[in-house]
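Okay, structure first, notes after.
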Amino acid sequence: MYTLDEQACIWLNSVTTIPTLKKYKSLELFESPHDMYLNLADKKAEVLEHVNESMYNDLIQAKETLPSLLDRLDELNIVAVTIYSDTYPGLLMEITPPPLVIYCKGRLELLKSNNIGVVGTRDCSRYGVETTEKFVVDLVKAGFTIVSGMARGIDYIAHNTALNLKADTIAVLASGLDIIYPPEHKELYRKIADKGLLVSEYIPGTPPNGFQFPERNRIISGLSSGVLVTEAGEKSGALITIDYALEQDREVFIVPGPITSRFCRGSNNRLKHVQGGLVTEVNDILYRLGMIADYEDEQEVTVMQLDFMEQKIIIELEKGEMHFDEILQMTGLSVPELNSLLTRMEICGIVKKNSGNYYEI
Amino acid sequence: MLAKTKSYSLTGIKGYDVDVEVDISNGLPAYETVGLGDTAVKESRERIRASIKNSGLAYPVKRIVVNLAPADTKKEGPLFDLAIAVGILVASDQITTSTYKDYVIIGELPLDGTLRHVNGVMPILISAYQQGYTKFLIPKANENEAKYVEGIEAYPVSNLNEVVDMLNGTSTITPVEHTEYESRRVTNAYGVDFSEVKGQSIAKRALEIAVAGGHNVLMIGPPGAGKTMLAKCVPSIMPQMSFEEALTVTKIHSVAGALDEKTGIVLNRPFRTPHHTATTVALTGGGAHCRPGEISMAHNGVLFLDELPEYSRQSLEILRQPLEDGVISVSRAIGTIEYPARFMMIASMNPCPCGNYGSKKHPCTCTTQQIHKYLSKLSGPLLDRIDLHIEVDGVSYENLKDTTQLETSAQIKVRVDRARQIQADRYKDEGIFTNAAMTNRLIDKHCRISPAGEKLMQMAFDKLKLSARAGSRILKVARTIADIDGNENISEANIAEAIQYRSLDRKYYL
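Those protein sequences? They're chains B and Z, same order as listed. If you read the first sequence in this note's numbering, its first letter stands for residue 8, the second for the next number, and so on. If you read the second sequence in this note's numbering, its first letter stands for residue 9, the second for the next number, and so on.
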């Protein structure tokens, strides 16, 4: 159940016509949100300095819809976390203005976990997908919860990679939590609600209006100690997240891309201005976040018993990836023999199959 | 005076006999054709008149009525010309004996009285023979089609005068000599042999497995990787068609008018490549005359669909039923016709719209969303019917020291034949011929795997993220691989190899 102050926050937040800053200004006139809820009429004149008449009327009206809103939240299994709640994450409190209420669905404890934002373009290239997957895998190993926006492209990869690793992930939506956007991500939505956490500052039923996307981005960076951008085109929304992150004193990490690729033009441009933002491996991030003192390239050594043929293949593959036909010629095996050998090595994780029948270590 | 001759017509590849009745009576000169003939039948009047005149015979200046019975079935095509002409000549007493009654007469007459080639002679002969007819008058141009049909006497005639002389008994014509069907297949019929394909060892092996087990294949690769050439090699390793198979294929091709006059029978397994703009009717068959479509033309052979996602969704979905049942039924105004359509499907596609995804030579410019959209054109049910998907990529052959002698199609075919034989023995009571046709019940029965193999499968699913529907396909393919090796049991290695042929299940794509 919500405390009276929390209920009042939910009430205040549900009035969408008043900008967040003005809500805070009005709130300052009262002792507590609950005080404002009860004695709004007493200080009407002062309140009207910050909001206009119609906004004021909306406030009055919202009192009537509050009980049905609370019922609806329960019905949808959504928990409202207000700035007066214990569960409200401290990091988010630092941003100006912090959202009065965030609606959450899933595992609330993730709000205060070690979060890192992983965002990027919706329109992504294979390179972006690969780098995102690589970084997410390593970040998960380092114990991070992956925060992203459940959009198409990089966001999807970030969430999905985390989920596949059975790791924690938070999706910050730009619509009410009962609206799945983009619609093709309903499976992802279900998984995150189940295994991770969905967050939105909009009351249920709010459609994904265009202006809400940049607003949402400030929560992604707000929830995280740093933001990683793996790929962003010239007009990508991820660039807005970078701006918010810088404004909020968050660390910004940018993966460099090929200068010829249009998919990386935005992120590469930002790299010119963000001091020390360039990252090529997860240790760069950990170092900057103070999670490791210093680092050197350390290679994990796995001990595995390889037979003669496998060793021969490994030695050749160390020079670079090879086509199936090249390995075939090198080893002198028959096609069926080599095929089954490579399948086994693949299952053991020694080699990796790339598209076009190429193999690499 | 009334004359009655016999002719024959077809619906689909099955035939029915047609009575051609000609009545000549006194009255104003006229010519009437009744019996639901199409335009080609109606126009026969002018051809017949000119033919009779130009053959030096007399065209009766009387009232002529021609009836094609049964009168309620639509007749089409020019193959009744000769039967009508003979009827007129009988009715006008220019043919005086009654031997004409013994013959089923088919042939088209042009204006000069020589006989022209007609379509569908082979199915007519077979169908009529089954109905009890044994003597035929056929155009000389069609005589090769008659030589493989046993038990009939087919008399090849080249012009109207020959027919008149023969029926009047003034000259004789020797019937077409029966030729035993023998394995005189032209190897390398499509001009390519597997030994000419450099590299591509995975693709070659996969095609060998596909042919051995009757599996459908999907080849994925950038433009110019050699997908079409590989597909063209497939007929060269397919088992020789049996006589029955060859006859069915010949019947279909004869109806479609695609039969080679010189050979008279289709000796090589068909290889059909309909363009991706092909309509559903072009694929399934149909139209006003219910002609067989591409999938029937590919019966007992290969249907090669290049650029699979470019075909219209409807054309692709229509393939599902024939891929399952091996027949296609076409319903049109003239009735429902069933054509056989048991083919091996080889499809090819690019990995993405620009074609370069995964290529080492050119960068791919597609977004993941575009790739996703491109791949989603292939429906799950259709992909379910494709057991092997392989990647074909052009490797730079300068790097490959080409010292080894590459295997020829003939060498591969030996293994294919052996594997097919094993399957034929195994399924002789099951009503199927190949591993690809196994139902779940049969998979349980014939694809038992060892605990080690089971474990390997499980690990592959976990580590390689195979999709759930891959399981039974892998088993089927592993069964075929074991058959190629001549092994009773599916080994762990067989399964490991089969896993390599499931490219689309792997997570290369989003």
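Backbone N, C-alpha and C fix where the C-beta goes; we use that ideal spot for every residue, glycine too.
Let's test the definition: count the other Cβ atoms within 10 Å of the Cβ of Z:K212 and tell me whether it reaches 16, buried, or not, exposed.
So Z:K212 counts as buried.
As an exercise, report each continuous beta strand (DSSP E) stretch of at least 3 residues that is fully enclosed by the segment 125-160 of chain Z, in chain order.
Qualifying beta strand (DSSP E) stretches, in chain order: 143-147.
With 16 other CB atoms within 10 Å as the buried threshold, where does Z:D452 fall?
Exposed is the call here.
Closer than 8 Å, Cβ to any Cβ of chain Z: which residues of the segment 337-354 of chain B, in chain order?
Result list: V342, P343, E344, N346, S347, L348, L349, T350, R351, E353, I354.
Mapping DSSP to helix, strand and coil, what is Z:F279?
DSSP places Z:F279 in strand when its eight states are reduced to three.
Along the segment 456-478 of chain Z, what residues have a CB closer than 9 Å to any CB found in chain B?
Within the segment 456-478 of chain Z, the residues whose Cβ lies closer than 9 Å to some Cβ of chain B are L464, M467, A468, D470, K471, L472, K473, listed in chain order.
Counting only Cβ pairs nearer than 7 Å, list the residues of chain B close to Z:A239.
The premise fails here: Z:A239 is roughly 17 Å from chain B at the closest Cβ pair, so nothing lies under 7 Å.
I'd like to know if Z:R213 contacts chain D, where contact means its C-beta is closer than 8 Å to some C-beta of that chain.
This model lacks chain D altogether; the protein chains it does include are B and Z.
Closer than 8 Å, CB to CB, is B:L335 near chain Z or not?
Closer than 8 Å to some Cβ of chain Z, the Cβ of B:L335 qualifies, so yes.
For B:A252 and Z:N443, what's the separation of their Cα atoms in angstroms?
Rounded to the nearest angstrom, the two C-alpha atoms are 59 Å apart.
Could you tell me which chain Z residues have their CB closer than 7 Å to the CB of B:C16, listed as they occur along the chain?
Chain Z residues near B:C16: none, gap ~39 Å exceeds 7 Å.
Please say whether B:H330 and B:Y4 have beta carbons closer to each other than 8 Å?
Summary: the structure shown does not reach residue 4 of chain B, with chain B confined to residues 8 through 368, and so no result is reported for it.
Keeping to the same chain, check which residues put their C-beta closer than 7 Å to that of B:Y209; ignore five residues upstream and five downstream.
Within the same chain, B:Y209 has close Cβ partners S182, G183, Q219.
Going straight from the alpha carbon of B:A158 to that of B:P189, what length do you get?
Each residue's Cα considered, the two are about 7 Å apart.
On the premise that Z:V242 lies in contact with Z:V310, defined as a C-beta separation below 8 Å, what is that separation, rounded to the nearest angstrom?
That belief holds up - the Cβ atoms of Z:V310 and Z:V242 are roughly 5 Å apart, short of 8 Å.
Within 10 Å of its beta-carbon, does Z:L512 have 16 or more other beta-carbons around it, so buried, or fewer, so exposed?
Under this definition Z:L512 is a buried residue.
Taking Z:T8 as the query, report the chain B residues whose CB atoms sit under 7 Å from its CB, ordered along the chain.
In the structure displayed, chain Z extends from 9 to 518; residue 8 of chain Z sits before or after that span and is not available.
What's the gap between the Cα of Z:T285 and the Cα of B:L76?
Each residue's alpha carbon lies about 55 Å from the other.
With distances taken Cα to Cα, identify the nearest neighbour of Z:N127 among Z:S262, Z:A154, Z:I420.
Cα-wise, what sits closest to Z:N127 is Z:S262.
Does the segment 66-79 of chain Z touch the segment 40-53 of chain Z, meaning 3 or more C-beta pairs lie closer than 8 Å?
Counting Cβ pairs under 8 Å, three or more are found: they touch.
Looking at the secondary structure, which residues open and close the alpha helix (DSSP H) in which B:F220 lies?
First-last of the alpha helix (DSSP H) with B:F220: 219-230.
Whose CA, out of B:V136, B:L172, B:I161, B:G160, lies closest to the CA of B:T152?
The shortest Cα separation from B:T152 among B:V136, B:L172, B:I161, B:G160 belongs to B:L172.
Could you work out which residue in Z:Y141, Z:S52, Z:Y509, Z:F251 is closest to Z:D25 when comparing CA atoms only?
It is Z:Y141 whose Cα lies nearest to the Cα of Z:D25.
Could you check what DSSP says for Z:H297 in three-state terms: helix, strand or coil?
Note: Z:H297 maps to coil in three-state DSSP.
What residues in the segment 499-510 of chain Z have a beta carbon less than 7 Å from any beta carbon of chain B?
Result list: A501, A504, E505, I507, Q508.
Step through the CB atoms of chain Z and report whether any lies within less than 8 Å of the CB of B:N364.
For B:N364, the answer is yes, since a Cβ of chain Z falls inside 8 Å of its Cβ.
Using three-state DSSP, classify B:Y251 as helix, strand or coil.
If DSSP states are grouped into helix, strand and coil, B:Y251 belongs with the helices.
Could you have a look at Z:E269 and say whether DSSP puts it in helix, strand or coil?
If DSSP states are grouped into helix, strand and coil, Z:E269 belongs with coil.
Take every Cβ of the segment 90-110 of chain Z, pair it with every Cβ of the segment 129-138 of chain Z, and state whether three or more of those distances are shorter than 8 Å.
No, because fewer than three Cβ pairs between the segment 90-110 of chain Z and the segment 129-138 of chain Z fall closer than 8 Å, the two stretches do not touch.
In the DSSP assignment, find the unbroken alpha helix (DSSP H) run with Z:P459 in it and report its ends.
Per DSSP, Z:P459 belongs to the alpha helix (DSSP H) from 459-472.
Of all the options Z:A66, Z:A355, Z:V74, Z:D392, which has the alpha carbon lying nearest to the alpha carbon of Z:L215?
Measuring from the Cα of Z:L215, the nearest candidate turns out to be Z:A355.
According to DSSP, simplified to helix, strand and coil, what is Z:R340?
Correct three-state label for Z:R340: strand.
How is B:K326 classed by DSSP in three states: helix, strand or coil?
The answer is coil: DSSP assigns B:K326 none of H, G, I, E or B.
Do three or more CB pairs link the segment 82-93 of chain Z to the segment 15-22 of chain Z at distances below 8 Å?
Contact holds: three or more Cβ-Cβ distances are below 8 Å.
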